[in-house]
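Numbering (the working numbering), first residue to last: 1057 to 1207.
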């Protein structure tokens, strides 16, 4: 059957970056699975990010890039729908996230690209800005994908 994983994804082929839920239990689970993590400082450092991405890219044939744009990744000004519901400190500038997406696309190994949580509620405060932010992140990936298609 096409499209079905023959074996589970190996954690050593996963990079999770700039996540906010940093409980000891989450860290323990990531460590147990062998998942690579990069903190906010590393995510914002273009060289550290590129090195982390390349380390994974060198080990795999294909990459699935998944971006979740809710309270975990962006500054509140870019996602007012979420910031009005949840108060989470930190977040990145959209240019940092777009650059990071483009870095992954430049590996030429991205076969699938998903952006999640682009619309929270179309009648709530700030939904236009939140939706536009999602569209910008989608466009950043697709534009880079056009220049660096999967090999």
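Virtual Cβ for every residue (Gly too), placed ideally from N, Cα, C.
Those residues which DSSP pairs with residue i across a bridge
| i | result |
| --- | --- |
| residue 1148 | 1130 |
| residue 1182 | BP columns for residue 1182 are empty, so no partner. |
| residue 1071 | 1092 |
| residue 1168 | 1120 |
Residue of the options minimising C-alpha distance to residue i
| i | options | result |
| --- | --- | --- |
| residue 1132 | 1148, 1123 and 1122 | 1148 |
| residue 1112 | 1122, 1068 and 1207 | 1068 |
| residue 1087 | 1071, 1099, 1098 and 1096 | 1071 |
| residue 1203 | 1171, 1165 and 1172 | 1165 |
| residue 1185 | 1160, 1137 and 1158 | 1137 |
| residue 1207 | 1124, 1117 and 1182 | 1117 |
| residue 1094 | 1183, 1066, 1081 and 1156 | 1156 |
Buried or exposed (CB count within 10 angstroms, at least 16 for buried), residue i
| i | result |
| --- | --- |
| residue 1057 | Because the pLDDT of residue 1057 is 43, which lies under 50, any placement of that residue in the model is unreliable, and the question is left without a value. |
| residue 1188 | exposed |
8 angstroms contact criterion, which residue i and residue j should meet: CB distance rounded
| i | j | result |
| --- | --- | --- |
| residue 1190 | residue 1169 | Rounded, the Cβ-Cβ distance is 13 angstroms, inconsistent with contact. |
| residue 1150 | residue 1172 | Rounded, the Cβ-Cβ distance is 16 angstroms, inconsistent with contact. |
- Query: Of all the beta strand (DSSP E) runs that stay within the bounds of the region 1090-1131, which reach a length of 3 or more residues?
  - Reply: Listed in chain order, the complete beta strand (DSSP E) runs (minimum 3 residues) inside the region 1090-1131 are 1092-1094 and 1119-1124.
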